[in-house]
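Protein chains in written order, with the working numbering: chain L, 1030 to 1265; chain D, 4 to 379; chain Y, 46 to 318; chain S, 35 to 343; chain U, 21 to 315. C-beta atoms are modelled at their ideal positions from N, C-alpha and C, and glycine is treated no differently. None of these values were measured; they are calculated from a predicted model. One structure is given here, and the rest of the page talks about it.
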Amino acid sequence: MSTYGEKLRIDDLHAFYGESHILHGIDMNIMQGELVTLLGRNGAGRSTTLRAIMNMVGRRTGSININGNETINMPAHKIAHLGLGYCPEERGIFSSLNVEENLLLPPAVRSDGMSVEELYEMFPNLYERRYSQGTRLSGGEQQMLALARILRSGANILLLDEITEGLAPVIVQKLGEVLIKLKERGLTILLVEQNFRFAAPIADRHYVMEHGHIVEEIQANELEAKTELLNTYLGV
Amino acid sequence: NVSDGKVKIGVLADMGGVYADICGKGCVTAIEMAVEDFGGTVLGAPIEIVSADDQLKPDVGSAIVRKWVENEQVDAVGGLVSSAVVGAATKVTTEAKKIALISTAASNAFTTKQCSPYNVHWTYNVVALANGTVKPMVDAGKKKWFFITADYAFGHALEGVATKVIQENGGEVVGAARAPLGTTDFSSYILQAQSSGADVVALANAGGDTVNSLKAASEFGLTQMMDVAGLLVFTPNAQAMDANTAGGMRTTTGFYWDYDDQTRAWSKRFMERHGDIPAMGHAGAYSMTMHYLKAIEAAGTDESDAVIKKMKEMKPDDFFSRNATLRSDGRMVHDMYYVEIKKPEERRDNNDIFKVVSVIPGDQAFAPVLPECDFK
Amino acid sequence: MSADYVLETRNLVKEFKGFTAVDDVNLQVTRGNIHALIGPNGAGKTTVFNLLTKFLIPTTGQILFNGRDITPMKPAAIARAGVVRSFQISAVFPHLTVLENVRIALQRKEGNSFHFWRPQNVLNKLNDRAVELLDSVGLAEFADAQTVDLSYGRKRALEIATTLALEPELMLLDEPTQGMGHEDVGLVADLIKKVSEGRTILMVEHNLHVVSKLADRITVLQRGAILTEGDYATVSADPRVREAYMGTAASEEQDRANEQAARDAAAAEETQA
Amino acid sequence: MMKVNKLYVALLVLAVVAPFFLYPVFLAKLLCFALFACAFNLMLGYVGLLSFGHAAFLGTGGYITGWLMMNSGMTPELAIILGTVAAGALGAVFGKLSVKREGIYFAMVTLALAQLVFFIYLQAPFTGGEDGMQGVPRGNLFGFIDLSDNMNMYYFVLAVFLIGFWVIHRTIHSPFGQVLKAIRENEARAVSLGYNVNDYKWVAFTISAALAGLAGSTKTLVFQLASLTDVHWHMSGEVVLMTLVGGVGTILGPVVGAGVIVTMQNYLSGGELGNYVHIIMGFIFVICVLAFRSGIVGELQKMWKRNFG
Amino acid sequence: MATFLGINLFGLFGQLLVGLINGSFYALLSLGLAIIFGLLKIINFAQGAMYMLGAFAAWMALNYFGINYWAALVIVPLVVGFVGILMERFLIRPIANEDHLYSLLLTFGVALILQGLFTHLYGSSGMSYTIPDALRGGTKLPFMYLPDYRLWIICASVVVCGLTWWMIEKTKLGAYLRAGTENPQLMQAFGINVPLIVTLTFGFGVGLAGLAGVMAAPIYSVSPDMGSNILIVVFAIVVIGGMGSIGGAILTGLGMGVIEGLTKYFYPEASNTVIFLVMVIVLLVKPAGLFGKEA
Ligand SMILES: Nc1ncnc2c1ncn2[C@@H]1O[C@H](COP(=O)(O)OP(=O)(O)OP(=O)(O)O)[C@@H](O)[C@H]1O
Ligand SMILES: Nc1ncnc2c1ncn2[C@@H]1O[C@H](COP(=O)(O)OP(=O)(O)OP(=O)(O)O)[C@@H](O)[C@H]1O
Ligand SMILES: [Mg+2]
Ligand SMILES: [Mg+2]
């Protein structure tokens, strides 16, 4: 297979939290401009996969290749500079900073990130509350801030963990539109989603995880055909 | 006739705290020297030394002494520096009828309020300091005094005794500032002294407190405005002071190493072993131990009552004890020295600290025996 | 009004440094209902919850519980009065056993919680009741397990069992299904339905399926104020709600679901008849 | 369970025969500190709050008992009870002011309160200031058992220790203890279940303070002296060290830790190494924190679990 | 002499000024402590020992290497800061993920070791360090004689405190710092080298103590226990100011110096107690401290 346009390639990734072995040999690859989701039940190891890519787990082995750079032995703070943006599950808003400081916090890793104006336009709630302490925002507002924050940094590979969690349906809908726009701009997105209805129409491919393994890879066009299978994995 | 076949002396001192240089390891060395000079045995029994660090804490000191006398057959306890520790330790020795050989404590309580038939207090005490330092100055016309006093028993005692001396000689005390033990910044107290209009500012403190208070006094220009008298200045403290400010200050001491050939001879031996010149407590500890061992020899037993009786009968006489007697209350009375701290240009080297201004005869320095402490 | 309200708020207002998060809210929760509070992000739902449980102090306004003014009461006192809240993040005691978790809640009413001189086995008489409660949420077989080892969904179930132990008149649930997989969502929704018998539930929930399935009555908040109220069909048909909250896609889907529900209801009526 | 009981019986037998082989005053001191550490551990290990001011209670117990023995002609058991009550009362005041805070904040608040107490005792005339309260009589227990005999004293201290230890053991394994455990696990949840968590912490703090006072009262009788050392913040640090060395949150840990530290100090202060006491204690702190956070008893338990559990 | 209501006004002014001088010392010391606590959540019990180390380093620099005061003012904080960096790197970092109480105990141990070591090496009588020639002498004010050196201390400390406050509260670097202490993992994921920042911050906080040590050397005697005496007071100041509040630490430091000065004048016996008394009162009224945010 040609590696042209391959943004992220993971081979035999194992990850550990202390004694517990969470990921048991993950393989996946994502091409430029693709939007790929990771599906699975609670505790399947989807968040852990993202965290492992960012080197935020206890220990990891295998290979993670980002933009042609092997990162398995790279310190955590260098990984972002390869163009990665990570939006964590628990949002990670800083209480010691106000909303705007939170938004401006991540250093730009590429020059073509979205401007603050654009982001405020997309999330008017944030503009309204911009001098408020970060963690004083409502749950949903924090979620918006967490996403806006990495869009500004110009990262071109996005790792998004449950970004629709706790958001009102209108916003979820808007987010879907944003993701499609980002994809059109050529950004590569790895999405962990519980909300299958949200993910299905926008994704190119799906990986299904169970107990720290990838058990299935489904192309967007196979979705109809494999609905049954997916239901057994996800228990829908 | 020696109990349990040996004579054991415990040396209790502050080995690591602010008084470590004043007695500490040096007292152990001095007592070892005494035992060696005595020949290592008495009445055929070996003389042993144990030592311990009281950490300047009365509870630690009293616990150690208790262990020594109850559990380790110690016959006498020497060293004994901080008055607080000595007070607690002598309670235990007295109860156990063991002899306390107090070398460096300043308080006069051990032969007055807290006197005991088993206390022997050697080198000096606050009364001698006050008589030695204060009286000449009042006589010289310095009538108004201000005290900077260490805010604990020793400081209060020193201030009290000195106040008495001042008043008896026609002077007056215009104020006092009580500084907590271990104060590092004396500037507030110095300011109070400055605005008091006194002739003399007396430092009724010891060790690092004296050094620090003198330092602040010079910094705020107090030394140019009035006289400063250090009531208790040990040689190591004097060495630590800035010679420019300390030079010319007068104080009283029980011993000075460079006084005459006898003192120099002993001090040289001490210095070879210890590294530094001896402070008065070191010499006192040696002299007192020697006297104790001689008394055992003379009494033919190490039994405390007999030994203490002999100690009081025999006249101490060596390089340290000049014109000396050990009185019935346990107070050793001997010549004290009124000294002046040398100015930088007067010093040969770093050990050349004092020049002796006058010798104060023991009976003028120390207070008489109290009737209730007259142990025969 | 004469309806039987468990909980009422009168002109409830909460301001944060000039920002009004809750604006003159008059909420009425009828006894025995499952009452859902929905609204866009930042509408003030969590803040209302915090006011009700006294994690925040209202700027002005009153809170009545069974007609009694509970505005000045402290959080623990509110809980003792019968208003119990479940948390968004799972709230269990991780290193106690599952049984002990429930027992802690039962113990409070025993009145011996300050008895440090009595042996712990005086608590054993609570075990039967605890197991009963665990059984009601399907956890009886895990009674002796360490709570940390439970799966996410089971922890939620345990939390609900613990809450039930307090026999609350009014349960407040803040996004009870947040972060759950489909399977667990169903499980918890069923559970809520089950435990709602004989008590009142007020919940905040973004999952419209759950809301539509459970809620007897819905209050929609927007910008701190009540936008509209009613049952699910009414509310979801309101164009303002669609615009502010549901969005077009969701709304279309909702319409389908509503129709489906209407058909189901009709069918059910038919079979009953 | 049987094994644990056997262990307790063995330890008790050891404690009863020990004074025939070792210096009883030393053993009594050890027991006093063991009780002090156990009391402290009730807060740290079972409530999860590190008090850096427990010396205040040790000292208060000591001073009050000492003063009563010297001035009131009371029998020692009464003086000890009153000392304990006084420390408990002080603990109640401290607790009211501090239990609202957590973690490091709690540690700092208790430290500062204890400093206040330290300076009060430093200035108050009845304590003897830097000199300490010297020459406290041991008196006659119940009016007829002469405590100036070291053996009698020791067995009395042993009895006091056992009572204190039992109180702690009972507290931990009581309905109250169960609530404490829940609070430590998840405080917000405990609040939402209707528990006034601060009241529970406060009661625990008061019990802990009273028992620390009991230790101090007894210690004063043993040494016939109450001094500032017992109220100094270093003492608050030492009790942390003892607990840490023995094992935080284990019931026997503090006893073992106190044993190790007291023995070590006893050995060091008497010997050549006196100078190094601070350095060695410092190293023990550092090593414990870096390598043996579960302490001696904690590590043994872990080992036991690995091999037999 | 000017008096008002029986109070000697000149004496009072003098005490106020002296209080302010002490306060600027407190400010400098509590600033370092507050930075380390507020940003790293580490209670650095070794801060007092580092202050002592700073003073000793200045003394050693002068006596062993002939390095004068002004050079020491630059070199010593760097050296002490480096010691702090080593300490963070090899002792504190391994336990960074444990309960913060462990770092308190660890630094307490380090403080004991350092103090014990210096006592062992230099005894405890203290060393003297002379005031640099340029700052000898003083100014005669109507109510007191103000030594130039003390004036220098006030100025230097206010400048250092102000700059530090600005850097932490108002710059991007400060934002990184604050965020990095809250959620280091996430900040790493954003591409920021948090461990480095943490180490440098710790070094900086400790370096401030070193600086205070150098400044203290000429006026206090350089002794092993100089740090442990002042440490507890400084802790109280940080608690009063509101733990973690940088500005609070600075202002409270100055304020407490003045209050202490007044107490020394009106009721000297309470001068050691007054700070703790203030602390208890403040905690009763505002549990988070004067400038602290409620947790
Ligand atoms: N910090 C941690 N320490 C130990 N185990 C962890 C940690 N974080 C997660 N785990 C465990 O790793 C497993 C995978 O967790 P992960 O968060 O990756 O799941 P997920 O697929 O994202 O599910 P969820 O829907 O809950 O987010 C779970 O069993 C979880 O208990
Ligand atoms: N402590 C606070 N200080 C300042 N503003 C606050 C505070 N708490 C909440 N807010 C603001 O009040 C508004 C309402 O917040 P709330 O958390 O109640 O929203 P919500 O309806 O629960 O939203 P979501 O669905 O996103 O959780 C938000 O705009 C939020 O920023
Ligand atoms: Mg996840
Ligand atoms: Mg909310």
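V59/S CB to nearest chain D CB: under 8 Å? For the purposes of this step, residue 59/S is taken as the residue at position 25 of the fourth sequence. At least one beta carbon of chain D lies nearer than 8 Å to the beta carbon of V59/S.
Taking a cut of 7 Å between CB atoms, which residues from the stretch 137-162 of chain D lie near chain S? For chain S, the residues of the stretch 137-162 of chain D that bring a beta carbon within less than 7 Å of one of its beta carbons are Y155, A156, in chain order.
Could you give the C-beta distance for G29/D and H277/D, rounded to a whole number, given that I count them as a contact under 8 Å? As a first step, residue 29/D is located in the second sequence; it is residue number 26 there, counting from the start. As a first step, residue 277/D is located in the second sequence; it is residue number 274 there, counting from the start. 5 Å between Cβ atoms; contact.
Can you check whether the CB of V204/D is closer than 8 Å to the CB of A220/D? For the purposes of this step, residue 220/D is taken as residue 217 along the second sequence, with counting starting at 1. For the purposes of this step, residue 204/D is taken as residue 201 along the second sequence, with counting starting at 1. At a Cβ-Cβ threshold of 8 Å, A220/D and V204/D count as neighbours.
Under 8 Å between beta-carbons, which chain D residues line up against A167/U? List them in chain order, please. For this step, residue 167/U is matched to residue 147 along the fifth sequence. Position check: residue 167/U holds Pro in this sequence, whereas Ala was assumed. Residues of chain D passing the Cβ test: E222, F223, G224.
Among the residues of its own chain, which have a CB less than 8 Å from the CB of N1127/L, if the five just before and after it don't count? Position 98 of the first sequence holds residue 1127/L. Cβ neighbours of N1127/L beyond the five flanking positions: R1159, Y1160, S1161, Q1162, G1163.
Is any heavy atom of ligand 1 found at a distance shorter than 7 Å from the C-beta of Q73/Y? Here residue 73/Y corresponds to residue number 28 of the third sequence, with the count starting at 1. Because no heavy atom of ligand 1 lies under 7 Å away, the Cβ of Q73/Y does not count as near it: no.
Could you tell me whether any Cβ in chain U is nearer than 8 Å to the Cβ of N1250/L? What you label residue 1250/L is simply residue 221 of the first sequence in a count that begins at 1. So no, N1250/L is outside the interface.
Might you give, ordered along the chain, the residues of its own chain that have their beta carbon closer than 8 Å to the beta carbon of M1030/L, omitting 5 neighbours on each side? The residue labelled residue 1030/L in the question sits at position 1 within the first sequence. Only weak support exists for where M1030/L lies, its pLDDT of 37 falling under 50; the coordinates are left without a value.
Check this for me: beta carbons of A237/U and A75/U, under 8 Å apart or not? Position 217 of the fifth sequence, counted from the first residue, corresponds to residue 237/U. Position 55 of the fifth sequence, counted from the first residue, corresponds to residue 75/U. Cβ atoms of A237/U and A75/U: closer than 8 Å.
Can you give, in chain order, each stretch of the beta strand (DSSP E) that sits fully within the stretch 1071-1132 of chain L and has at least 3 residues? 1088-1095, 1113-1116
Tell me where the beta strand (DSSP E) around R69/D begins and ends. Taking the first residue of the second sequence as position 1, residue 69/D is located at position 66. No beta strand (DSSP E) contains R69/D, which is instead part of the alpha helix (DSSP H) from 61-74.
Buried or exposed: K271/D, going by 16 or more other Cβ atoms within 10 Å of its Cβ? Within the second sequence, residue 271/D is the residue found at index 268, counting from 1. Counting the other Cβ atoms within 10 Å of the Cβ of K271/D gives fewer than 16, which makes it exposed.
Could you tell me whether any non-hydrogen atom of ligand 2 is closer than 7 Å to the CB of E202/U? Indexing the fifth sequence from 1 puts residue 202/U at position 182. No, the beta carbon of E202/U sits no closer than 7 Å to any heavy atom of ligand 2.
Contact set for G316/S: own chain, Cβ-Cβ below 8 Å, skip 5 residues either direction: Here residue 316/S refers to the residue found at position 282 of the fourth sequence. Result list for G316/S: empty, nothing under 8 Å.
For the candidate residues L1187/L, Y1149/L, N1185/L, S1182/L, whose alpha-carbon lies nearest to that of E1170/L? To locate residue 1170/L, count along the first sequence from 1; it is residue 141. Nearest of L1187/L, Y1149/L, N1185/L, S1182/L to E1170/L, Cα basis: Y1149/L.
Less than 8 Å separating the beta-carbons of A1197/L and N86/Y? Indexing the first sequence from 1 puts residue 1197/L at position 168. Indexing the third sequence from 1 puts residue 86/Y at position 41. Cβ distance < 8 Å, so A1197/L and N86/Y count as in contact.
Tell me where the beta strand (DSSP E) around S1182/L begins and ends. Within the first sequence, numbered from 1, the residue matching residue 1182/L stands at position 153. Note, S1182/L: premise wrong, no beta strand (DSSP E); not H, not E.
Indicate whether at least one CB of chain Y lies closer than 8 Å to the CB of T1032/L. Translated into positions along the first sequence, residue 1032/L becomes position 3. With a pLDDT of only 43 at T1032/L, under 50, the local geometry of the prediction cannot be trusted, and the value read off the model is given with reservation. Output row for T1032/L: interface = no.
Just to confirm, is the Cβ distance from N1195/L to E220/Y under 8 Å? Looking up residue 1195/L in the first sequence gives position 166. Looking up residue 220/Y in the third sequence gives position 175. Rather than Asn, the amino acid found at residue 1195/L in this sequence is Gly. In this structure, G1195/L sits near E220/Y, with a CB-CB distance shorter than 8 Å.
Beta-carbon proximity list for K379/D, same chain, < 8 Å, skipping 5 on both sides: Numbered from its first residue, the second sequence carries residue 379/D at position 376. For K379/D, where only same-chain residues beyond five positions count, the Cβ hits under 8 Å are S331.
Beta strand (DSSP E) runs contained entirely in the stretch 114-191 of chain D, provided each spans 3 or more residues: 122-124, 147-153, 175-182
Whose CA, out of A180/D, A196/D, Y262/D, lies closest to the CA of I380/D? The requested residue 380/D does not occur in the structure, where chain D is confined to residues 4 to 379.
Quick check: does the Cβ of I1192/L come within less than 7 Å of any heavy atom belonging to ligand 1? Here residue 1192/L refers to the residue found at position 163 of the first sequence. No, Cβ of I1192/L sits at least 7 Å from all heavy atoms of ligand 1.
What are the start and end residues of each continuous beta strand (DSSP E) run of 3 or more residues lying completely inside the stretch 117-190 of chain U, in chain order? 158-160, 165-167
Based on the DSSP secondary-structure assignment, which residues constitute the bridge partners of G82/D? Residue 82/D sits at position 79 when you count from the first residue of the second sequence. G82/D pairs with L15/D.
Pull up the distance between the alpha-carbon of A315/U and that of N232/S, whole angstroms please. Taking the first residue of the fifth sequence as 1, we reach residue 315/U at position 295. Taking the first residue of the fourth sequence as 1, we reach residue 232/S at position 198. Bear in mind that a pLDDT of 49 at A315/U, under 50, signals an unreliable position, so the model cannot answer this.
Could you give the DSSP three-state label for R350/D: helix, strand or coil? Counting from one through the second sequence, the residue named residue 350/D turns up at place 347. In the structure shown, R350/D falls within a coil segment according to DSSP collapsed to helix, strand and coil.
Under 5 Å, CB to any heavy atom of ligand 1. Which residues pass, going along the chain? Here the list is Y1046/L, I1051/L, N1071/L, G1072/L, A1073/L, G1074/L, R1075/L, S1076/L, T1077/L.
8 Å Cβ shell around L259/S - same chain, five flanking residues per side excluded: In the fourth sequence, residue 259/S corresponds to position 225, counting from 1. Cβ neighbours of L259/S beyond the five flanking positions: G100, G166, M167, Q168, G169, V170.
Suppose you measure from the CA of N203/U to the CA of T1077/L; what does that come to, to the nearest Å? Translated into the one-based positions of the fifth sequence, residue 203/U becomes position 183. Translated into the one-based positions of the first sequence, residue 1077/L becomes position 48. Their backbone Cα atoms lie some 17 Å apart in a straight line.
Does the beta carbon of A1175/L fall short of 7 Å from some heavy atom of ligand 2? Position 146 of the first sequence, counted from the first residue, corresponds to residue 1175/L. A1175/L has its Cβ no nearer than 7 Å to any heavy atom of ligand 2.
Please determine, among F1225/L, A1081/L, L1068/L, the residue with the shortest C-alpha to C-alpha distance to I1051/L. Sequence index remark: in the first sequence, residue 1051/L carries index 22 (1-based). Nearest option by C-alpha distance: A1081/L.
Helix, strand or coil at K379/D [DSSP, three-state]: The sequence position of residue 379/D within the second sequence is 376, counting from 1. Looking at K379/D - three-state DSSP - the assignment turns out to be coil, as it is neither helix nor strand.
M46/Y to E214/Y span [Cα, whole Å]: Locating residue 46/Y in the third sequence gives position 1, where the first residue counts as 1. Locating residue 214/Y in the third sequence gives position 169, where the first residue counts as 1. With a pLDDT of 44 at M46/Y, under the threshold of 50, the modelled position of that residue is not reliable, and no figure is offered here.
Chain L residues whose Cβ lies nearer than 9 Å to that of F210/U: Working through the fifth sequence from its first residue, we reach residue 210/U at position 190. Within chain L, the residues near F210/U are H1106, A1109, G1114, Y1115, L1134, P1135, P1136, V1138, R1178, I1179, S1182.
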